[in-house]
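Please read the structure below before turning to the comments.
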């Protein structure tokens, strides 16, 4: 191929200065052959570029290799990352490809051949949750209480006189009471998969019929996470986790995680799943801490996060341990944790039978 190109350039060069050349049949035939040869060489070169392939084996920070076959002349960095994730089942992970020691991050839209692939490449796996964070309100800055970290804007506090800062047991938060809530600076879309992470403070008064965590821009069209007389669930589906109640929670802060994926919603308390239900909320979220109609306030919460990806059990556990909760990992630890939960539940039920009948019935006009 190099020889053909060299010969072509040698013949064509005298005629590339755009000066007039005296016509002769011999020169015309020669130049037409050159043009035809150029066209065929271009097609040939393009086809060969597409066919060039190699095995790429970037190394993780632990030394583990993630081999994948690529076509550097046509594959972008983004395509290579997608193939690596698929081949090595890197679910819920963010991936960065870097040259050498990781000092230069390879850009998604660039072709692989634009980088030196003869040198070792580094792959950095990041928490996919972090990359898909849609909203976060920590409620820890009294000077800018409704600050939302992703948009770098401030949520509007509705009925602020009924919103109170909380600083207890080593954590800052907010107490939404009465008709209070917060309107997000921008609507958040709950799509095919999502995760909600929030810290809640027990004990929680279950005499209040409803407590709304998230609501749509339009009154109660999407109450994605709700406490209904102590039961966790999704109001619009009227589906709740049975055999569990916020009454089971010991006094103090607890991590609540909710994951929606594949038309199933799974609920977690302190890193442990308390159950799953068919059905999944989808649509826009505009209000937190209460309903958009400014009633059914949630109560106390801290560090509310919404992600656009479904967290794994491990990632939920990581979110819980960020707040100091010791998440059990072995089957024995999990069994012991549930035995404690069941014992607490039975003890609470023994003294709660007399008061359970006093809970008000669902008011169809109120929710």
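In my numbering, the protein residues as written are 44 to 410.
All C-beta atoms, glycine included, are put in the ideal place defined by N, C-alpha and C.
DSSP, reduced to helix, strand and coil, places residue 298 within a strand of the structure shown.
Taking the C-beta atoms as reference points, residue 154 is found nearer than 8 Å to residue 116. Partner residues in the beta bridge of residue 240, as assigned by DSSP, are 300 and 348.
Excluding residues up to 5 positions away in sequence, 228 lie with their Cβ nearer than 6 Å to the Cβ of residue 196 in the same chain. In the DSSP assignment, residue 79 falls outside any beta strand (DSSP E) and within the unbroken alpha helix (DSSP H) covering 68-94. In this structure the segment 255-262 does not touch the segment 353-367; the number of beta carbon pairs closer than 8 Å is below three. Looking at 313, 288, 291 and 286, the one whose alpha-carbon comes closest to that of residue 299 is 313. DSSP places residue 210 inside the beta strand (DSSP E), whose first and last residues are 206-211. Here the C-alpha atom of residue 161 lies approximately 51 Å from the C-alpha atom of residue 187. When the beta-carbon positions are compared, residue 214 and residue 296 come within less than 8 Å of each other. Contact between residue 304 and residue 353 is confirmed by a C-beta separation of about 4 Å, below the 8 Å threshold. For a cut-off of 8 Å, the C-beta gap from residue 193 to residue 239 is around 14 Å, too long to register as a contact. Scanning its chain for C-beta atoms nearer than 7 Å, with the 5 sequence neighbours on each side dropped, one finds around residue 185 the residues 208, in chain order. A residue is called buried when at least 16 other Cβ atoms come within 10 angstroms of its Cβ; residue 143 does not meet this threshold and is exposed. If only complete runs of 4 or more residues are kept, the segment 145-178 shows the alpha helix (DSSP H) at 171-174, in order along the chain. Annotation for residue 362: no beta strand (DSSP E) segment contains it, though the alpha helix (DSSP H) segment containing it runs 356-364. Pairing residue 348 with residue 147, the inter-Cα distance amounts to about 31 Å. The beta carbon of residue 275 lies closer than 6 Å to those of 284 and 310 in the same chain, with the five residues before and after it left out. Looking from the CA of residue 225, the closest CA among 164, 101 and 181 belongs to 181. For residue 124, the uninterrupted alpha helix (DSSP H) run begins and ends at 120-130, by DSSP.
When DSSP states are grouped into helix, strand and coil, residue 203 belongs to the helix group. Distance check between residue 241 and each of 249, 201, 302 and 273 places 302 closest, using alpha-carbon atoms only. In the DSSP assignment, residue 182 falls outside any beta strand (DSSP E), carrying neither H nor E.
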